[in-house]
Amino acid sequence: MADHKKQNEHTHKSHEEHLREEHLMLDPMPRGAMNEMVMESMHTTSWKFWVVFGILAVVVIYCLFFQWYLLIKGGQGLAGVMRPDYWGIFLVNTVFWIGISHAGTFISAILRVFKAEFRRPFTRAAELMTTFGLVQAGFSIFMHMGRVWLAYWMMPIPNQRGLWPNFHSPLSWDLLAITTYLLSSTMYLFLPLIPDLAMARDKSTGWRKTFYRILALGFRGTEGEWAHLRTALNIFAFAIIPVMFSVHTIVSWDFAMATRPGWSSTIFGPYFIVGALHSGMGAVVMVLAVVRGTMKNMKYFIRPEHFEGIGKLMLIISMTWAYFFFNDYFVQWYGGDKWTKELLHWHEYGPLGWMWFAMLIVNVAIPWATLWNKKWRSTPWLLFVVGLLINVGMWFERYIIVPVSATINRMPFTWRLYEPSIEVPMGIGTLAFFILLYMAASKLVPLIPVWEVQEGQMAHSVRKFGRETVVTVSDLE
Amino acid sequence: MTEEKSILAVFSDLAPAADAIEQLRLLGIHDDCMNVISGIPVTEAMLGRPSQWTNVPRLAMGGAGGGMLLGIFLAFITPNMYTISVGGQPFAPVPPAVVVIFEMTMLGMLLSTFLGVFLDSYFPSYRPMKYVPEISDGKIAILIECPPPDEQKITDLLKKLGAESVKEAEAQHL
Numbered sequence: 028m029a030d031h032k033k034q035n036e037h038t039h040k041s042h043e044e045h046l047r048e049e050h051l052m053l054d055p056m057p058r059g060a061m062n063e064m065v066m067e068s069m070h071t072t073s074w075k076f077w078v079v080f081g082i083l084a085v086v087v088i089y090c091l092f093f094q095w096y097l098l099i100k101g102g103q104g105l106a107g108v109m110r111p112d113y114w115g116i117f118l119v120n121t122v123f124w125i126g127i128s129h130a131g132t133f134i135s136a137i138l139r140v141f142k143a144e145f146r147r148p149f150t151r152a153a154e155l156m157t158t159f160g161l162v163q164a165g166f167s168i169f170m171h172m173g174r175v176w177l178a179y180w181m182m183p184i185p186n187q188r189g190l191w192p193n194f195h196s197p198l199s200w201d202l203l204a205i206t207t208y209l210l211s212s213t214m215y216l217f218l219p220l221i222p223d224l225a226m227a228r229d230k231s232t233g234w235r236k237t238f239y240r241i242l243a244l245g246f247r248g249t250e251g252e253w254a255h256l257r258t259a260l261n262i263f264a265f266a267i268i269p270v271m272f273s274v275h276t277i278v279s280w281d282f283a284m285a286t287r288p289g290w291s292s293t294i295f296g297p298y299f300i301v302g303a304l305h306s307g308m309g310a311v312v313m314v315l316a317v318v319r320g321t322m323k324n325m326k327y328f329i330r331p332e333h334f335e336g337i338g339k340l341m342l343i344i345s346m347t348w349a350y351f352f353f354n355d356y357f358v359q360w361y362g363g364d365k366w367t368k369e370l371l372h373w374h375e376y377g378p379l380g381w382m383w384f385a386m387l388i389v390n391v392a393i394p395w396a397t398l399w400n401k402k403w404r405s406t407p408w409l410l411f412v413v414g415l416l417i418n419v420g421m422w423f424e425r426y427i428i429v430p431v432s433a434t435i436n437r438m439p440f441t442w443r444l445y446e447p448s449i450e451v452p453m454g455i456g457t458l459a460f461f462i463l464l465y466m467a468a469s470k471l472v473p474l475i476p477v478w479e480v481q482e483g484q485m486a487h488s489v490r491k492f493g494r495e496t497v498v499t500v501s502d503l504e
Numbered sequence: 009m010t011e012e013k014s015i016l017a018v019f020s021d022l023a024p025a026a027d028a029i030e031q032l033r034l035l036g037i038h039d040d041c042m043n044v045i046s047g048i049p050v051t052e053a054m055l056g057r058p059s060q061w062t063n064v065p066r067l068a069m070g071g072a073g074g075g076m077l078l079g080i081f082l083a084f085i086t087p088n089m090y091t092i093s094v095g096g097q098p099f100a101p102v103p104p105a106v107v108v109i110f111e112m113t114m115l116g117m118l119l120s121t122f123l124g125v126f127l128d129s130y131f132p133s134y135r136p137m138k139y140v141p142e143i144s145d146g147k148i149a150i151l152i153e154c155p156p157p158d159e160q161k162i163t164d165l166l167k168k169l170g171a172e173s174v175k176e177a178e179a180q181h182l
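Protein chains in written order, with the working numbering: chain C, 28 to 504; chain W, 9 to 182.
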């Protein structure tokens, strides 16, 4: 009897230990130790980091800025856009990067609103993606614009003749929506960062101390400061969700408002949003796998449970994307319009038909085949590969929607396959710039919101119900 | 009139800090003369403190209103400032105006929420302030303003209640 009791106690203890190993929220460390770990991850930089950083910097200078200079000097003729494809890779990349930017808000705001606790250690990593993704989206639009020095014509100010921009145009809505989203997501990144900047200020010396001192704005953590911050974060978490939805809906309207085959679709808004989340979640998981694998002490904060949670979301989003894709495809196919039939045939059996099939394989088949399995979706490298494939697939999707679909219009004599030119290196430049900004930020900004992690750890505990040990969460707010 | 003394007591945990606040109140220290400084958002209820007033929601609503007015101006008024009539098209259609008004409303609301934090918290502030860096390592500090004769009494009480350190608070550059 005594042995049986002893064995039960042992089983209970080992299960509890297992829970602690598995869940960051059940494995608390002193706050000072967590601060040290985060600071150490920022300060420890290997030579490999600088090699990659240097290569990316060269790529950015050559592919992004030098090629852009050539484009401005030589004009849009250097790009492959020509009748009937006036919208090429620049706009593919715009849609792609705006899509990437959706993950930050999704993770930070929606999961915050629904109190999904596993979000805590990686909200900032996702929010940084939002801001840096939007920077690349902005660059891509300016590239497409050609005469970029006249960008201010879009601003709501009258010209010399007193003529205002036309706010009935989807392109004006784009400007308003993307500007609103960029400003909102940057503010939403900064507000929860303030306490961590104050922590970094207290832990730093030299130029870093001055840097964090300026950015921490004098934050001490008084009751009033926390109350204002907490209220603001709640307002942001709720208000930024409709802004996020509006941005990609408006981007979809750039296409859907045109009465072209393939574009004029009432389902484009939600279809684009789900697509954005699909690529964004894939990108988040890639970033987390890299951060966990390359930065010091990150294995404590980012654990397989987090990949498991994101993997589940990726699977659900992949299913939702497949549903919207089929809905969009089926209605067009059933309609039997002559030009739409031509377009669908062009998608599947045209010279880029391989891209259409590859899109379905990597956006649907591969996630479904892998993410159903808990063990697989808890494996960081596997999720990195799936995330990468989804992003390739989502880029293909945007390529099919923009230049491939623009080829088929109601004037067959104009049909011509789009052949990108200077757009390719410039697109690579935006990717390199995104990674470069992220690398720089990882050394300057605490990637882990330590105060949020500690708050979560305070709220979690294990409790015994009969013989079962379960995790309980208290609502501290 | 005597100048008030500032005492900064540092606790390692929440419970003794909450007890200390209770005891200080019994000793006659008013809630307005105490401030809790912490590295995580400890709610007023946990410490038995009165609710903190914040203007952020009101500022957010004001900003939303301002943004909405700006959106109405852009969508409905600007077309009238240089009239270009296009046959068959409404001059100031409502559906596109909804998009413009929505975006400007949300922008106004979020900008004013952000600025509200700055205004209510007096950010940025680089003046010397009463603070100890241990707070960012998870300690909880109580900052007490008291008349000089009560200083020793309060210090003894706080030490008895488990304060790790009790000292006169000095303003310093953060």
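We put the CB at the ideal spot given by N, CA and C, even for glycine.
The continuous alpha helix (DSSP H) containing Val-358/C extends over residues 331-362. Boundaries of the beta strand (DSSP E) around Ser-46/W: 42-46. Residue environment: Asp-128/W is assigned as buried (16 or more neighbouring CB atoms within 10 Å of its CB, all protein chains considered).
Taking all protein chains in view, the Cβ of Met-438/C is surrounded by fewer than 16 other Cβ atoms within 10 Å, so the residue is classified as exposed. Secondary structure of Arg-494/C (DSSP, three-state): coil. One alpha carbon belongs to Ile-475/C, the other to Leu-218/C, and they sit about 14 angstroms apart. Not a single C-beta of chain W is nearer than 8 angstroms to the C-beta of Asp-364/C.
The CB of Leu-210/C comes closer than 8 angstroms to the CB of Leu-115, Leu-118 and Leu-119 in chain W, given here in chain order. DSSP links Met-137/W through a beta bridge to Gln-180/W. Taking C-beta atoms as the reference points, Ala-152/C and Trp-124/C fail to come closer than 8 angstroms. Taking all protein chains in view, the Cβ of Leu-444/C is surrounded by fewer than 16 other Cβ atoms within 10 Å, so the residue is classified as exposed. Counting C-beta atoms within 10 angstroms of its own C-beta, Met-170/C has 16 or more neighbours from the protein chains shown and is therefore classed as buried. Contact between Trp-348/C and Asn-390/C is confirmed by a C-beta separation of about 6 angstroms, below the 8 angstroms threshold. Judged by beta-carbon spacing, Arg-139/C lies beyond the 8 angstroms limit of Ala-259/C, meaning their Cβ atoms are not closer than that value. The criterion of a C-beta distance shorter than 8 angstroms is satisfied by Trp-253/C and Pro-49/W. Taking a Cβ-Cβ cut-off of 7 angstroms, the neighbours of Ala-204/C in chain W comprise Glu-111, given in sequence order. Assignment of beta-bridge partners to Ile-152/W by DSSP yields Ile-15/W and Met-42/W.
Taking Pro-288/C as reference, the option from Val-311/C, Asp-223/C and Trp-366/C with the minimal CA-CA separation is Trp-366/C. Look at the beta carbons and you see the region 474-488 of chain C touching the region 41-60 of chain C: at least three pairs across the two are nearer than 8 angstroms.
Listed in chain order, the positions of the region 60-82 of chain W with a beta carbon within less than 7 angstroms of a beta carbon of chain C are Gln-60, Thr-62, Val-64, Pro-65, Ala-68 and Leu-82. In this model, Glu-375/C and Glu-369/C are separated by some 10 angstroms (Cα to Cα). Interface flag for Arg-57/W against chain C is set, since a Cβ pair is found closer than 8 angstroms. If you ignore the 5 residues before and after Leu-463/C, its C-beta comes within less than 8 angstroms of the C-beta of Phe-80, Leu-83, Ala-84 and Val-87, all in its own chain and listed in chain order.
With a cutoff of 8 angstroms on beta-carbon distance, Gly-126/C and Gly-307/C are scored as near each other. Check the Cα spacing between Val-65/C and each of Ser-196/C, Val-301/C, Ile-329/C and Leu-203/C: the tightest is with Ile-329/C. Fewer than three Cβ pairs drawn from the region 87-102 of chain W and the region 61-77 of chain W lie within less than 8 angstroms of each other, which leaves the two stretches out of contact. Within the same chain, and ignoring the five residues on either side of Phe-411/C in sequence, the residues whose Cβ sits closer than 8 angstroms to its Cβ are Val-312, Met-313, Ala-316 and Val-317. When His-333/C, Glu-495/C and Ile-99/C are compared, the shortest CA-CA separation from Ala-143/C is found for His-333/C. For His-195/C, no alpha helix (DSSP H) run applies, since DSSP gives it neither H nor E.
Taking C-beta separations shorter than 6 angstroms and ignoring five residues to either side along the sequence, the partners of Pro-452/C in its chain run Cys-90 and Gln-94, following chain order.
Distances from the CA of Trp-360/C to each of Phe-351/C, His-372/C and Tyr-350/C were compared; the closest alpha carbon is that of His-372/C. Using a CB distance cut-off of 8 angstroms, Ile-143/W counts as an interface residue toward chain C. Under a 10 Å Cβ-count criterion, His-38/W is classified as exposed, with fewer than 16 other Cβ atoms of the shown protein chains found around its own Cβ. Only residues of its own chain outside the window of five on either side were considered, and among them Val-140, Glu-142, Lys-147, Ala-149, Ala-171, Glu-172 and Ser-173 have a CB closer than 7 angstroms to the CB of Val-18/W, listed in chain order. Partner residues in a beta bridge of Thr-62/W, as assigned by DSSP, do not exist. Every candidate beta strand (DSSP E) stretch fails here, since none sits fully inside the region 104-137 of chain C while reaching 3 residues.
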